[in-house]
Every structure is written in C-alpha cells, then in structure tokens.
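J.:
Residue numbers (our numbering): 1 to 133.
1. How would you label residue 112, buried or exposed, when you count the other beta carbons within 10 angstroms and need 16 or more for buried?
2. Looking only at C-alpha atoms, which of 57, 61, 31 sits nearest to residue 103?
3. Report the three-state DSSP secondary structure of residue 9 (helix, strand or coil).
4. Do residue 137 and residue 57 have their CB atoms nearer than 8 Å?
5. For residue 139 and residue 107, I'd like the C-alpha separation in whole angstroms.
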C-alpha cells in the first residue's frame, strides 16, 4: 500500500466517523483537537505525520499488522463503539470481533446482575452474527 492510498483511506474513515458524531465529540473522545480533525477531514493536514498513538486514539479498535507479523492493537478505552468498517488495504485492519469480545469481557466483569449480563451477552451475540438485536 502506498502512503497516498493510506491517506485517502484514512481521510475516508475520518469522514465516516464524523458523519456519526461532531468534530467536537470526536475530539473529546479521542483527545485530538477538533480543529486538527477538521484539517484532516478537509485534506489540509495529511495523516502521514500522525503518530501511532494518535492513530489509535482516533480508531481505538484498529489493529496495525506489520510485515514481520507483529500486531499493534488499539486501546479501546475511549468509549467509541465498534470500529469503522474501512479496511486500509491490509496495513490497518479493523477487528469488530475483538470489539465484541471486549464488550462481553467488560460486561462479565461488571457489577450487573446475572440476568442483565445474559441479556447483554445475547444482544451482542445476535449483532455479532449479523442479526438485528
């Protein structure tokens, strides 16, 4: 994948995320300034200068696969839901299954009563299987 293709895919992913929330909301959730997000969205700033840390703040469920086979996994603690469905040509792979598994793990570790845990577990599994909850 070329840097130009990555930038094009990244800008598309940012635009998709911003169609779901405002720049201000995304900025608060990720810790990235809304003015910087606006510049990325409009192509005024190029994502090639982003640090891996910033990339993972914007896409907390991203997995970056390096040529050596190592994987860098995002920290999903920023309250984003499932990751954006863009696939950055194999360089960055969004892993919704991991996001669902993290939800289940968090629910099971929570203080919810058993009945509520079962309900959430069933809903997540239905969504994971592509069914409406």
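Here a beta-carbon is modelled for each residue, glycine too, at the ideal position from N, C-alpha and C.
Remember, predicted model here, so these are calculated numbers, not experimental data.
T.: Quick look at the numbers:
1. Exposed, since its Cβ has fewer than 16 Cβ neighbours within 10 Å.
2. Selected option, being the one with the closest Cα: 61.
3. Helix.
4. Residue 137 lies beyond the range of the chain shown here (1 to 133); nothing can be said about it.
5. With the chain covering 1 to 133 only, the question about residue 139 has no answer from this structure.
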